[in-house]
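Going by the numbering used here, the sequence shown opens with residue -14, and the numbers climb by one from there. Beta carbons are placed, not taken as given, at the ideal position from N, Cα and C, and that holds for glycine. On a predicted model such as this, the values are computed, not experimentally measured, just so you know.
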Amino acid sequence: MEPLQFDLTLIQARGGNLCGDDRFTIVACAQCGTHYLYNEELRDIYYNPFDLSRRFFNIEMLGLPPCVGCGLIDWRFSASNPIKVEVQLGPWAWVLKQ
Ligand SMILES: [Zn+2]
């Protein structure tokens, strides 16, 4: 599978929270498939591709807000992340290097 290449400059310019050792992925809700930007290093999950201030700290004890796609409260990441072409067709396409 082709690894995703993220445009860190653009993510930062739009308000993303970077630490220098960032490990971004795109994750999906296991129930509805809604995509989310996720920084595995900082455990920041981004809920809104147009507002990167809407991010949450993904640790077990805090819990996340309901899935924006299906509203499920205790939602989980899909076992397999979206592939590049799926991300390119989704709301997070802009975070990828062209
Ligand atoms: Zn969902």
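Let me check understanding here. Comparing Cα to Cα, which of Q83, G56, E(-13) and D29 lies closest to G0?
D29
Considering I(-4), what are the terminal residues of the alpha helix (DSSP H) in which it resides?
L(-7) to A(-2) is the span of the alpha helix (DSSP H), which, as asked, contains I(-4).
Shell residues, 5 Å Cβ cut-off relative to heavy atoms of ligand 1
Qualifying residues, in the order they occur: C14, Q16, C17, T19, C52, G54 and C55.
Burial state of C127 (16 or more Cβ within 10 Å)
For the chain, the structure presents residues -14 to 83; residue 127 sits outside this window and is missing.
Alpha-carbon spacing of S63 relative to N43, whole angstroms:
15 Å
Is N66 closer than 8 Å to R40 when the C-beta atoms are compared?
no
In chain order, what residues of the same chain have a beta carbon less than 6 Å from the beta carbon of G54, not counting five sequence neighbours either side?
Taken in chain order, the residues that qualify are C14, C17 and T19.
Residue range of the beta strand (DSSP E) that V12 falls in?
F9 to A13
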